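In the working numbering, the protein residues as written are -7 to 78. Heads up, the beta-carbon is just placed ideally off N, CA and C, and yes, glycines get one too. These numbers were taken from a predicted model, which means no experiment stands behind them.
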């Protein structure tokens, strides 16, 4: 099973060496990330478990629970690994 098929927090697809993000935890979020960007975002999430707030713009934020934050970190690291292998 491909990494993309196991995502629960992230919604998107891989296009060459780029992950095209369409959604995050049920919120519509459009962006594109290369392996460096995904790895950087994963490093922002504490592996010991804390709530995580991602600011989209001045008016929008996505707030994740501890469990969602840990799952997001896991998904980001798996995506980074897959992009490196492509």
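How far does the alpha helix (DSSP H) with residue i in it reach, from first residue to last?
i	result
residue 14	Taken as a continuous stretch (DSSP letters only), residue 14 belongs to no alpha helix (DSSP H), being part of the beta strand (DSSP E) at 10 to 16.
residue 30	27 to 36
residue 69	58 to 77
Pull up the DSSP beta-bridge partners for residue i, would you.
i	result
residue 20	15
residue 7	10
CB-CB under 7 Å to residue i, same chain, minus the five flanking residues each way: which ones, in chain order?
i	result
residue 47	53
residue 3	14, 15
Can you tell me whether residue i is helix, strand or coil according to DSSP?
i	result
residue 49	coil
Classify residue i: buried if its beta carbon has 16 or more other beta carbons within 10 angstroms, exposed otherwise.
i	result
residue 32	exposed
residue 51	exposed
residue 65	buried
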